[in-house]
Amino acid sequence: EAEVAQSPRYKITEKSQAVAFWCDPISGHATLYWYRQILGQGPELLVQFQDESVVDDSQLPKDRFSAERLKGVDSTLKIQPAELGDSAMYLCASSYRLAGPEGANVLTFGAGSRLTVL
Amino acid sequence: SQQGEEDPQALSIQEGENATMNCSYKTSINNLQWYRQNSGRGLVHLILIRSNEREKHSGRLRVTLDTSKKSSSLLITASRAADTASYFCATSDRGSTLGRLYFGRGTQLTVWP
Numbered sequence: 001e002a003e004v005a006q007s008p009r010y011k012i013t014e015k016s017q018a019v020a021f022w023c024d025p026i027s028g029h030a031t032l033y034w035y036r037q038i039l040g041q042g043p044e045l046l047v048q049f050q051d052e053s054v055v056d057d058s059q060l061p062k063d064r065f066s067a068e069r070l071k072g073v074d075s076t077l078k079i080q081p082a083e084l085g086d087s088a089m090y091l092c093a094s095s096y097r098l099a100g101p102e103g104a105n106v107l108t109f110g111a112g113s114r115l116t117v118l
Numbered sequence: 001s002q003q004g005e006e007d008p009q010a011l012s013i014q015e016g017e018n019a020t021m022n023c024s025y026k027t028s029i030n031n032l033q034w035y036r037q038n039s040g041r042g043l044v045h046l047i048l049i050r051s052n053e054r055e056k057h058s059g060r061l062r063v064t065l066d067t068s069k070k071s072s073s074l075l076i077t078a079s080r081a082a083d084t085a086s087y088f089c090a091t092s093d094r095g096s097t098l099g100r101l102y103f104g105r106g107t108q109l110t111v112w113p
């Protein structure tokens, strides 16, 4: 069964350091998402790509976070500098869109990257 | 920001019992989805219900949607220890061209053997 690959699974860093996460979506999925999930809460969207273009980054803290998907396939999310409040699970997901007049995005998530900032 | 609110926040039952979780949301939606998350893992899609549907079944799952009350419920029948997980509802706003999903805070379900 096809999976969304993410690495690293765990990352411990000190504040002010740079950190990067990688995601490889399911082949053929044009839409890719990065979510942040703080312990005990639901995922919140950071950025959404359609192919190589960013279509929604309204919740991305752009002073320290950046994301790219250069060839419209895999993607990297970077944080520089990391802050204590960035400790969270970073989830990548990709989706296909169901057919129909109101097509729905059904997301397939990776296992996530758990970030701890000390 | 989060759109859905699940209730209860935590639910503890015995194997074989039914588990019911509720989700309330604020805006008009295209569809509502339920996802499961095992501890420390990613989310897994369970079921989708469109705004013009009232009930949907998938195996031991039954989802209802009441758009007039802006609420949905997820019923898991004959629960098993393996159903222990967090369950999230996610909504997509009506008219959204991107189909962005807004997740609630989740219900933590514990099923005891």
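From first to last, the protein sequence lines are chains A and B. Take 1 as the starting number for the first sequence in this note's numbering and just add one per residue. Take 1 as the starting number for the second sequence in this note's numbering and just add one per residue. For glycine and all other residues, C-beta sits at the position ideal for the given N, C-alpha and C. If you're wondering where the values come from, they're calculated on a predicted model, not measured in any experiment.
In whole angstroms, what is the alpha-carbon distance linking residue i and residue j?
i       : j        : result
A/Ile79 : A/Pro8   : 14 angstroms
B/Arg94 : A/Ala67  : 27 angstroms
A/Ala82 : B/Thr97  : 33 angstroms
B/Arg54 : A/Ser27  : 33 angstroms
B/Lys69 : A/Phe49  : 33 angstroms
A/Ile12 : A/Leu118 : 7 angstroms
B/Tyr87 : A/Lys15  : 32 angstroms
A/Pro61 : A/Leu84  : 14 angstroms
Going along the chain, which residues of its own chain have a beta-carbon closer than 7 angstroms to the beta-carbon of residue i, five neighbours each way excluded?
i        : result
A/Ala88  : Arg36, Gln37, Ile38, Leu115
A/Leu70  : Glu52
A/Gly112 : Gln6, Met89, Tyr90, Leu91
B/Glu17  : Ser79
Give me the Cβ distance between residue i and residue j, rounded to the nearest whole Å; I'm assuming they're in contact under 8 angstroms.
i        : j        : result
A/Gln41  : B/Arg105 : 5 angstroms
B/Asn30  : A/Ala30  : Contact doesn't hold; Cβ gap of about 19 angstroms is too wide.
B/Gly40  : A/Gly110 : Actually they do not touch by this definition, with Cβ atoms about 13 angstroms apart.
B/Thr107 : B/Glu15  : Actually they are not in contact, since the Cβ atoms of B/Thr107 and B/Glu15 sit about 18 angstroms apart, beyond 8 angstroms.
A/Leu75  : A/Cys23  : It should be noted that the sequence gives Ser, not Leu, for residue 75 of chain A. Rounded, the Cβ-Cβ distance is 5 angstroms, consistent with contact.
Got a sec: is the Cβ-Cβ distance from residue i to anything in chain A below 8 angstroms?
i        : result
B/Gly106 : yes
B/Arg36  : no
B/Arg41  : yes
B/Leu74  : no
B/His45  : yes
B/Asn31  : yes
B/Leu65  : no
For residue i, verify whether its CB is less than 7 angstroms away from any heavy atom of the ligand NAD.
i       : result
A/Arg64 : The ligand NAD is not among the ligands present in this structure, which contains no ligands whatsoever.
If we cut at 8 angstroms on Cβ distances, does residue i have a partner in chain B?
i        : result
A/Asp51  : no
A/Gly110 : yes
A/Gly72  : no
A/Glu54  : Going by the sequence as given, residue 54 of chain A is Val instead of Glu. Chain B contact via Cβ: absent.
A/Gln17  : no
A/Gly42  : yes
A/Ala104 : yes
A/Val48  : Going by the sequence as given, residue 48 of chain A is Gln instead of Val. Output row for A/Gln48: interface = yes.
Tell me which same chain residues have a C-beta within less than 6 angstroms of the C-beta of residue i, skipping the five on either side of it?
i        : result
B/Ile49  : Leu32, Lys56, Val63, Leu65
B/Thr110 : Ser12, Thr84
A/Phe65  : Ile79
A/Gly72  : Asp51, Glu52
A/Gln17  : Ala82
B/Ala10  : Gln108
A/Phe21  : Leu77, Tyr90, Ser113
B/Pro113 : Glu15, Ala81
Taking DSSP's pairing of strands, which residues face residue i in a bridge?
i       : result
A/Ala20 : A/Lys78
B/Leu11 : B/Leu109
A/Lys11 : A/Leu115
A/Leu46 : Note: A/Leu46 sits in no beta bridge, so no partner.
B/Ala45 : Residue identity check: residue 45 of chain B is His in the sequence provided, not Ala. In DSSP, B/His45 forms a bridge with B/Tyr35.
B/Glu5  : B/Ser24
B/Thr91 : B/Leu32, B/Tyr102
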